[in-house]
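Heads up, the final residue of the sequence shown is numbered 407 in the working numbering, and it's a clean run with no missing numbers.
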Amino acid sequence: MNYFSSNFKLGILGGGQLGKMLLNDTRKFDIYTCVLDASKEAPCKIASNEFHLGDLMDYDAVYNFGKQVDVLTFEIENVNVDALEALEKEGKKVYPSSKTLRTIQNKATQKLFYVDHNLPTAPFSRFAYLSEIEDAINNGGLEFPFVWKATQFGYDGNGVKVVRKLSDLEDLPKGECIAENLVPFKNELAVIVARNASGETKTFPVVEMEFHPEANQVEYVICPARIPDAVAKKATDVALKTSEAYNHVGLLAVEMFQTENDDILINEVAPRPHNSGHQTIEASYTSQFEQHLRAILNLPLGRTDSKVGGVMVNLVGAEGFSGNVIYENIKDIMKLDGVTPHIYGKKQTRPFRKMGHVTIVNEDLNEARRVAEEVKKTIKVISE
């Protein structure tokens, strides 16, 4: 099929920043794109060929949108899977598949999938209601500390909480959840695996993620991870086995823990471009976004190694500020060598909302990390 400067239409469910960065590459290749999102202000609106307004969880909206395109992909997991399944039955190409998405959408079924496929993950218990956790604690079936996770609709650290005492359960959503053993780990790592429909598979280098202690959001992504080769190989092997188990097409970001004794445990996966791959735009031969397009269109996959060391800093809304966004001191960080800001196009800021990211590239990874800290301290995402 001819995708370039042709009548081919690529449909993207979700109009956020991941879609916007994906559209940089569809424009590079002149691939016609249609985007569906519920917000009139979606970042993708300015860069797609067609922008459709609709709720991604609404069956009819997703189904009717899917009928108008040739290949359908998504940049967010909260999508109506029944509609995707119906489209697939009618012969529509949906990548990653509805089957992959259905398993991943619910954290409990995702965890059970790892157990069923002999993939390493932290021990956990599943609960239909939050109140069942209290019962389990009272009868000795569950011990502090553990990690509470809502099984659905968690994102960016929402839907996850470390529980050290009974009162930590107050104010949490009452519905289905899992309680996961708190793993003592040295590092949080991630590997992005790309796979096309022909089965060609490539992995990006292992990255290391440093988290913000309060917001439970990634602050820095460091590529390559500063870990021994043997640990990097182990993480890559686990990511490849995970990809094989899902038999997915597109990108699969596999987030993992490196334990105190260098075991690798899967935390969770995302079947789409991911926060842990943003530095690939500047630092790699092929960005994660171009690779996602190559994979879902069954084109040959691009080279995945890095040209240079890269560190990515998330730009999130400062605490205490809500309203029309201002990027304070952005000129100051642009004076620094190897610094590239990416602004997502969200007009309204609020505390901890992802508003952009900054990539720092340098042959010396430690220098890149030092500059990243300077960037983090200098730029402020505030409001008028």
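Positions of the beta carbon are idealized from the N, C-alpha and C atoms, including for glycine.
Cα-Cα separation between residue i and residue j, rounded to whole angstroms
{"i": "Asn162", "j": "Glu155", "result": "11 Å"}
{"i": "Lys403", "j": "Pro374", "result": "11 Å"}
{"i": "Ile250", "j": "Ala61", "result": "41 Å"}
{"i": "Gly346", "j": "Gly300", "result": "29 Å"}
{"i": "His75", "j": "Glu278", "result": "32 Å"}
{"i": "Cys246", "j": "Ser28", "result": "34 Å"}
{"i": "Leu192", "j": "Gly177", "result": "16 Å"}
{"i": "Ile35", "j": "Thr56", "result": "7 Å"}
{"i": "Ile287", "j": "Gln91", "result": "42 Å"}
{"i": "Ser221", "j": "Pro323", "result": "9 Å"}
{"i": "Leu274", "j": "Lys116", "result": "15 Å"}
{"i": "Lys399", "j": "Pro364", "result": "12 Å"}
{"i": "Ala106", "j": "Ala173", "result": "24 Å"}
{"i": "Ile349", "j": "Val292", "result": "33 Å"}
{"i": "Phe169", "j": "Phe97", "result": "32 Å"}
{"i": "Asn101", "j": "Ala391", "result": "34 Å"}
{"i": "Asn239", "j": "Asn181", "result": "8 Å"}
{"i": "Val339", "j": "Met378", "result": "5 Å"}
{"i": "Val229", "j": "Glu157", "result": "38 Å"}
{"i": "Leu205", "j": "Pro66", "result": "36 Å"}
{"i": "His380", "j": "Asp139", "result": "37 Å"}
{"i": "Ala248", "j": "His235", "result": "18 Å"}
Sequence-distant residues of the same chain with beta carbon closer than 6 Å to residue i, five excluded per side
{"i": "Val298", "result": "Reading the sequence as shown, one finds Asn at residue 298 and not Val. These residues qualify, in order along the chain: Val241."}
{"i": "Tyr137", "result": "Thr144 and Ile289"}
{"i": "Thr123", "result": "Tyr269, His271 and Pro294"}
{"i": "Thr224", "result": "Arg218"}
{"i": "Asp93", "result": "Phe31 and Lys32"}
{"i": "Lys184", "result": "Trp171"}
{"i": "Gln314", "result": "Ala217 and Gly325"}
First and last residue of the uninterrupted alpha helix (DSSP H) at residue i
{"i": "Ala395", "result": "Leu388 to Thr401"}
{"i": "Ile304", "result": "Thr303 to Ala306"}
{"i": "Lys264", "result": "Asp252 to Tyr269"}
{"i": "Leu316", "result": "Gln311 to Ile319"}
Of the listed residues the options, nearest to residue i (C-alpha basis)
{"i": "Val104", "options": "Asp93, Lys116 and Gln128", "result": "Gln128"}
{"i": "Gln175", "options": "Leu33, Thr126, His75 and Asn25", "result": "Thr126"}
{"i": "Pro196", "options": "Leu153, Tyr178 and Ser266", "result": "Leu153"}
{"i": "Lys130", "options": "Val58, Lys188, Gly89 and Ile201", "result": "Ile201"}
{"i": "Phe167", "options": "Asn181, Gly300 and Arg187", "result": "Arg187"}
{"i": "Leu165", "options": "Phe150, Tyr178, Gly177 and Ala173", "result": "Phe150"}
{"i": "Leu110", "options": "Leu95, Asn101 and Glu100", "result": "Leu95"}
{"i": "Val214", "options": "Thr259, Gly182, Thr49 and Glu199", "result": "Thr259"}
{"i": "Phe280", "options": "Thr309, Gly273, Arg326 and Glu231", "result": "Glu231"}
{"i": "Thr401", "options": "Leu359, Tyr55 and Val183", "result": "Leu359"}
{"i": "Lys330", "options": "Phe344, Glu267, Thr309 and Leu316", "result": "Thr309"}
{"i": "Lys112", "options": "Leu41, Tyr86, Leu135 and Asn389", "result": "Tyr86"}
{"i": "Tyr367", "options": "Met24, Gly38 and Glu267", "result": "Gly38"}
{"i": "Asp355", "options": "Asn321, Val394 and Lys370", "result": "Val394"}
{"i": "Asn25", "options": "Pro296, Pro228, Gly42 and Leu320", "result": "Leu320"}
{"i": "Gly343", "options": "Ser406, Asp285 and Glu397", "result": "Ser406"}
{"i": "Val244", "options": "Asp252, Glu233 and Met44", "result": "Glu233"}
{"i": "Gln40", "options": "Asn72, Ile99 and Ser266", "result": "Ile99"}
{"i": "Pro119", "options": "Pro296, Val254, Glu237 and Met357", "result": "Pro296"}
{"i": "Ser148", "options": "Gln133, Arg376 and Ala70", "result": "Gln133"}
{"i": "Asp252", "options": "Ser266, Glu237 and Asp285", "result": "Asp285"}
First and last residue of the uninterrupted beta strand (DSSP E) at residue i
{"i": "Gln281", "result": "Gly273 to Thr282"}
{"i": "Glu351", "result": "Gly346 to Glu351"}
{"i": "Leu41", "result": "Per DSSP, Leu41 belongs to no beta strand (DSSP E); it is in the alpha helix (DSSP H), Gln40 to Lys51."}
{"i": "Ile215", "result": "Phe208 to Arg218"}
{"i": "Glu291", "result": "Ile287 to Ala293"}
{"i": "Met73", "result": "One detail in the question is off: residue 73 reads as Glu in this sequence, not Met. It spans Glu73 to Leu76 - the beta strand (DSSP E) in which Glu73 sits, taken as one unbroken run."}
{"i": "Asp60", "result": "Tyr55 to Asp60"}
{"i": "Ala202", "result": "Cys200 to Asn204"}
{"i": "Thr363", "result": "Val362 to Ile366"}
{"i": "Leu79", "result": "Segment: none, Leu79 is in no beta strand (DSSP E) and carries neither H nor E."}
{"i": "Glu64", "result": "First-last for Glu64: undefined, no H or E at that position."}
{"i": "Gly36", "result": "A quick correction: the sequence has Leu, not Gly, at residue 36. Segment Lys32 to Leu36, the beta strand (DSSP E) holding Leu36."}
{"i": "Tyr243", "result": "Val241 to Cys246"}
Chain-order list of residues whose beta-carbon lies under 8 Å from that of residue i (same chain, five-residue window excluded)
{"i": "Glu283", "result": "Pro207, Phe208 and Lys209"}
{"i": "Asp194", "result": "none"}
{"i": "Leu189", "result": "Glu157 and Ile160"}
Close beta carbons around residue i, own chain, < 7 Å, minus the five adjacent residues each side
{"i": "Gly77", "result": "Leu59, Ala61, Ala84 and Phe88"}
{"i": "Ile353", "result": "Pro364 and Ile402"}
{"i": "Asp53", "result": "Phe27 and Ser28"}
{"i": "Ala262", "result": "Val214, Val216, Thr226 and Val277"}
{"i": "Ala318", "result": "Ala217, Arg218, Asn219, Val272, Gly273, Leu274 and Leu324"}
{"i": "Arg326", "result": "Tyr308 and Thr309"}
{"i": "Thr49", "result": "Leu33, Thr56 and Leu316"}
{"i": "Glu305", "result": "Gly333, Thr363, Thr382 and Val384"}
{"i": "Ser121", "result": "Val104, Leu107, Glu108 and Glu111"}
{"i": "Glu64", "result": "Lys370"}
{"i": "Lys43", "result": "Pro66, Cys67, Ala70, Tyr367 and Gly368"}
Uninterrupted beta strand (DSSP E) stretches inside the region 88 to 171 (no shorter than 3 residues): 94 to 97 and 147 to 150
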